[in-house]
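Structure record follows, encoded as structure tokens.
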């Protein structure tokens, strides 16, 4: 499936805004946006890998093609932001502690650092752990896709989705901080990528057939989840959902499947998700990588302004105006970033890796 799906840009935009508003302490459930990013990555990246299997015969050429394209797309902005953090750590003592994180950030192991050194403090780099998970996914996933037939890969990906809740459940017995491991470590988040990957192996006609039964099964799963939550609250045992680990064992998988359902709706052109094709949302989706990378710096700036203005809540009139200012400012910074850093590397990537017909190896 190679055609561009407009609604996915809108879905990407809402996910990025959700995470940003969570860090602004406005939208507590904004973390779900990260899970949506995983599913989108699984869908889009697997689609690219499957396409390269058809276009490039040599295994080594496929790998070189994939990693070079990903590097040109991701690294310029990412390392520009790390340089910004490095400079800020010398210019402002408030950010001095961020300097110690640069090694794990540069090696894309910051998610592991978050597990080994847990903290609730918010800084310039707090959000970058998810990019470490994405990069670690890129390291291993191509080998799996290239070595398997599409049919066998689909079975593998579905198995990953099915077994991930059980894998996370084992953390109860093996980890001192199971909820942190489940959230920050790549093996325990693979069901998101795998859920998206399954969709990329299916044709549009197959997705249309799958759409309704999948939605019904998901609706039943959501209903059961809500009933479970009501049951726990009714008996005053809400702590069971945390200490019993139910929310992050099967909860992440349920969110991933809901994101997959949204992707199916976007592909099938459902009127339910037509809002995602709204032009401003699509634009924000196209610059969402920069929006995500830069938003922590914008959050710190606008929280400082919030306190200087002595506001009490983001939901009071002054707070709402400031929140809109935050979104506008971060969009402006992301636009500059896209034009100066991302678009040149995207154009270079497209020039270097123009689609070539598949060569037959003798």
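Numbering (full-length UniProt numbering), first residue to last: 1 to 362. Quick reminder that beta carbons are idealized off the backbone N, C-alpha and C, glycines included. Just so it is clear, the structure is predicted and the values come from calculations on it, not from any experiment.
Assigned exposure category for residue i - 16 Cβ within 10 Å defines buried
i	result
residue 344	exposed
residue 178	buried
residue 7	buried
residue 90	exposed
residue 237	With a pLDDT of only 41 at residue 237, under the threshold of 50, the placement of this residue in the model should not be trusted; the figure read from the coordinates follows. Answer is exposed; the Cβ neighbour count stays below 16.
residue 176	exposed
residue 142	buried
residue 98	buried
residue 243	Here the model assigns residue 243 a pLDDT of 42, short of 50, so the residue's position is not dependable, and the following value carries that caveat. Looking at its Cβ environment, which holds fewer than 16 other Cβ atoms inside 10 Å, residue 243 is exposed.
residue 316	exposed
residue 217	exposed
residue 189	buried
residue 239	With a pLDDT of only 36 at residue 239, under 50, the local geometry of the prediction cannot be trusted, and no value is derived from it.
residue 295	buried
residue 117	exposed
residue 132	buried
residue 114	buried
residue 54	exposed
Candidates the options: closest to residue i by CA position
i	options	result
residue 33	22, 43, 42 and 26	22
residue 84	73, 74, 102 and 67	102
residue 201	252, 146 and 247	146
residue 208	265, 196 and 273	265
residue 187	165, 312, 335 and 328	165
residue 95	107, 247 and 82	82
residue 349	67, 288, 31 and 17	67
residue 106	116, 135 and 120	135
residue 171	159, 184 and 54	184
residue 252	114, 328 and 36	36
residue 374	44, 167 and 327	In the structure as shown, the chain starts at 1 and stops at 362, and residue 374 therefore has no counterpart that could be examined.
residue 221	254, 196, 206 and 42	254
residue 129	11, 111 and 71	111
residue 4	210, 213 and 277	277
residue 195	30, 352 and 154	154
residue 257	307, 40, 333 and 311	40
residue 318	92, 162 and 303	303
residue 64	138, 273 and 341	138
residue 248	86, 159, 156 and 168	168
residue 180	70, 125, 156 and 119	119
residue 204	28, 270, 223 and 160	270
residue 92	312, 326 and 297	297
residue 76	339, 260, 309 and 353	339
residue 329	47, 291, 71 and 351	291
Limits of the alpha helix (DSSP H) - the one that residue i falls within
i	result
residue 160	150-169
residue 269	Element bounds for residue 269: n/a, residue is neither H nor E.
residue 97	Element bounds for residue 97: n/a, residue is neither H nor E.
residue 25	Residue 25 -> no alpha helix (DSSP H), and no H or E assigned at all.
residue 135	129-147
residue 200	190-200
residue 351	343-352
residue 121	No alpha helix (DSSP H) holds residue 121; DSSP gives it neither H nor E.
residue 317	317-337
residue 117	Counting along the chain, residue 117 falls outside any alpha helix (DSSP H), and DSSP gives it neither H nor E.
residue 185	Unbroken run through residue 185: none, as it is neither H nor E.
Distance cut-off 7 Å: residue i Cβ against heavy atoms of the ligand ADP
i	result
residue 131	Absent from the structure shown: the ligand ADP. Ligands present: none.
Residue i at chain C interface by Cβ criterion, 8 Å
i	result
residue 112	The chain labelled as chain C is not found in the depicted structure, where only one protein chain is given.
Counting only runs that start and end within the stretch 37-109, where is the alpha helix (DSSP H) found for 4 or more residues in a row? Taken in chain order, the unbroken stretches of alpha helix (DSSP H) that lie wholly in the stretch 37-109 and span 4 residues or more are 59-91 and 102-106.
Run through the stretch 277-308 for me and flag every whole alpha helix (DSSP H) of 4 or more residues, listed as ranges in chain order. Look at the stretch 277-308 and you find these whole runs of alpha helix (DSSP H), each 4 residues long or longer: 279-286 and 288-308.
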